[in-house]
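Comments concern the structure below.
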Amino acid sequence: MGSSERPLRRTRARLLTASAATAALLFLAGCSSDTVGQLKRLGLPEAASDRAPAIGDLWIGSWIAAGI
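Those letters in the sequence shown? Residues -23 to -1, 1 to 45, by mature numbering (1 follows the signal peptide of the UniProt record, and there is no 0).
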């Protein structure tokens, strides 16, 4: 009983590792420098006026309120 469980565990571990590696590869392949910039701005477009920091703070506050 103990020896038959080991190959099954190895197979599951390999399958899990391969699945995680595939998911990570697909996720990372979709990233670009534009995407990273958007993530830093929390989805907001680039600033178009001097009021953008205030709107950004409002946006962040709304996300915090939605999370609570």
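Note that CB positions come from ideal geometry on N, CA and C, so glycine has one too.
{"Asked": "Contact check, Leu16 vs Ala29, beta carbons under 9 Å", "Found": "no"}
{"Asked": "Collapsed DSSP secondary structure at Pro30 in the structure displayed", "Found": "helix"}
{"Asked": "Thr(-13) versus Ser(-5) - alpha carbon distance", "Found": "12 Å"}
{"Asked": "Alpha-carbon to alpha-carbon, Gly7 and Gly33", "Found": "25 Å"}
{"Asked": "For Pro(-17), three-class secondary structure by DSSP", "Found": "helix"}
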